[in-house]
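Numbering (the numbering used here), first residue to last: 901 to 1172.
Glycine residues also receive a C-beta, built at the ideal position from the N, C-alpha and C atoms.
Read through the structure below, which is laid out as structure tokens, and then see the notes.
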């Protein structure tokens, strides 16, 4: 697993981590044991960066349970997601209890009340309870506002969607992140599943075999990570085998322009 410096955060992160949207919003002992099995594989394979949010239902709590007794092996990126300053404080206090009192990256989810929450997160950073501050948004229509937040230079990381079918960040956001030295976390590497439904035939992946590609999901992850401005991709999964395959995509070599173009063409086709 390759690691990269997450911009100016000071955090050295694996290039493949794990998201928890939907997959960790579970209840019950059996479901939580299954979640722990996925985390077992992630930690074993070096995919030690985990992203969550209070928006994801039970995910923050379940992730915390899976890391009991081994919190120091993981890096936690979570979020504040509310318009209320008071509720924001409550969300943070609740989450930090799940994660041993500290989170490596705290993000403002979808830029909700970002001015208010920035002040709180800056205070928490000064207190040593969080390491770095970030901001996220999933929609290209919000990238103008995201740019405004980036240009305040009060954050050191962003989380954005990027895959062969969602490339709007290439226009302004990625160049600006590079200019400002911001860490870049990539959500939706598989387009929320839409790209998985465009799976090409195995023969179409043959030119990518020398790059360690054994599956379409690995091709998509390597497409993202071959852009050095992207520091960590966070596919979500509830399947330990899929987690291992995702992690395997985090090893070089990386694609050149021809391989990236091939993956883009395959992604634009209807699949086999």
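Boundaries (first-last residue) of the alpha helix (DSSP H) holding residue i
i	result
residue 1044	1043-1051
residue 1118	1116-1125
residue 1075	1073-1080
Integer Cβ distance of residue i from residue j, believed to fall under 8 angstroms
i	j	result
residue 921	residue 1136	5 angstroms
residue 1174	residue 974	In this structure the chain extends from 901 to 1172, so residue 1174 is not present and cannot be described.
residue 1155	residue 1122	6 angstroms
residue 1098	residue 1041	That belief does not hold up - the Cβ atoms of residue 1098 and residue 1041 are roughly 24 angstroms apart, past 8 angstroms.
residue 1007	residue 1059	6 angstroms
residue 1033	residue 1054	7 angstroms
residue 904	residue 913	6 angstroms
residue 1011	residue 1046	6 angstroms
residue 1043	residue 1070	Actually they are not in contact, since the Cβ atoms of residue 1043 and residue 1070 sit about 11 angstroms apart, beyond 8 angstroms.
residue 1093	residue 908	Wrong, their Cβ atoms sit about 33 angstroms apart, outside the cutoff.
Spatial neighbours of residue i in its chain, beta-carbon cut-off 8 angstroms, leaving aside the 5 residues before and after
i	result
residue 956	920, 921, 922, 924, 925
residue 858	A question about residue 858 goes unanswered here, because the residues of the chain that appear run from 901 up to 1172.
residue 970	943
residue 1096	1090, 1116, 1117
residue 1066	1040, 1088, 1091
residue 901	914, 915, 916, 945, 946, 947, 1147, 1150, 1151
Residue interval of the beta strand (DSSP E) (run including residue i)
i	result
residue 1167	First-last for residue 1167: 1157-1168, but that is the alpha helix (DSSP H), not the beta strand (DSSP E).
residue 1134	Careful: residue 1134 lies outside any beta strand (DSSP E) and carries neither H nor E.
residue 1060	1057-1061
residue 1032	1030-1036
residue 904	903-905
residue 1083	1083-1087
residue 1100	Premise fails: residue 1100 is in no beta strand (DSSP E) and is neither H nor E.
residue 1012	Run containing residue 1012: none; DSSP gives neither H nor E here.
residue 913	912-914
Contact set for residue i: own chain, Cβ-Cβ below 6 angstroms, skip 5 residues either direction
i	result
residue 1086	1062, 1124, 1130, 1133
residue 942	918, 1143
residue 972	none
residue 1153	1111
residue 1038	1061
Close beta carbons around residue i, own chain, < 7 angstroms, minus the five adjacent residues each side
i	result
residue 1009	953, 955, 979, 980, 981, 1036
residue 961	998
residue 1248	An answer regarding residue 1248 cannot be provided, because it is not within the stretch 901 to 1172 covered by the chain.
Length at least 3, wholly inside the region 973-1002: the beta strand (DSSP E) runs in chain order
975-980
What are the complete beta strand (DSSP E) segments, minimum 3 residues, inside the region 919-959?
949-951
Three CB pairs or more closer than 8 angstroms across the region 998-1010 and the region 1025-1036:
yes
Check whether the region 1124-1136 and the region 1092-1110 touch, using three or more Cβ-Cβ pairs below 8 angstroms as the test.
no
For the region 1071-1081 against the region 1040-1055, do three or more pairs of beta-carbon atoms, one drawn from each stretch, fall closer than 8 angstroms, so that the two count as touching?
yes
So does the region 1147-1165 actually touch the region 958-966, counting three or more Cβ pairs closer than 8 angstroms?
no
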